[in-house]
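A.B. asks: Numbering (the working numbering), first residue to last: 31 to 138.
The beta carbon of each residue, even a glycine, is placed where N, CA and C say it ideally should be.
Please read all numbers here as calculations on a predicted model, not as lab measurements.
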């Protein structure tokens with residue numbers, strides 16, 4: 031894996047999600063209690079943007095269908111075996127970086 035710069039901390043307001051694109055994929059970022067979390071942005075049920083959902087604590091509710099996800103684990107509330115992808119986030123000097131797999135790396 032490699033770290034890729036995706037945002038600055040000042041772009042992440044507490045209690046709100048932000049969507050960023052990484053190699054054409056939409057990633058939702060959330061800042062909770064001083065920690066930053068990244069998940070797939072698409073709801074597993076309806077495909078709506080999770081970054082645009084309602085965030086309460088570490089749970090985001092999809093604006094499209096109401097399904098709730100734990101942004102720390104990607105698990106659907108009430109169905110922990112069903113989950114969306116989560117991604118490792120590192121913050122260095124207010125720069126948010128995402129751990130990406132080789133398939134996401136740009137071609138040389």
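Quick one: is residue 138 buried, meaning 16 or more other Cβ sit within 10 Å of its Cβ, or exposed?
C.D. replies: Model confidence at residue 138 stands at a pLDDT of 47, short of 50, so the residue's coordinates are unreliable and nothing is read from them.
A.B. asks: Counting only runs that start and end within the stretch 76 to 107, where is the beta strand (DSSP E) found for 3 or more residues in a row?
C.D. replies: Counting whole runs of 3 or more residues, the stretch 76 to 107 contains the beta strand (DSSP E) stretches 84 to 86, 89 to 91, 98 to 100.
A.B. asks: Give the secondary structure of residue 40 by DSSP, where H, G and I count as helix, E and B as strand, and everything else as coil.
C.D. replies: If DSSP states are grouped into helix, strand and coil, residue 40 belongs with the helices.
A.B. asks: Considering only residues of the same chain and omitting the five flanking positions on each side of residue 117, which have a CB-CB separation below 6 Å?
C.D. replies: Result list for residue 117: 68, 128, in chain order.
A.B. asks: Give the DSSP-derived three-state secondary structure of residue 70 in the structure shown.
C.D. replies: Residue state, collapsed to three classes: strand.
A.B. asks: So, residue 40 versus residue 58, is the Cβ gap smaller than 7 Å?
C.D. replies: Contact: no.
A.B. asks: Taking the straight line between their C-alpha atoms, what separation do you get for residue 153 and residue 87?
C.D. replies: No answer is possible for residue 153: the residues shown for the chain start at 31 and end at 138.
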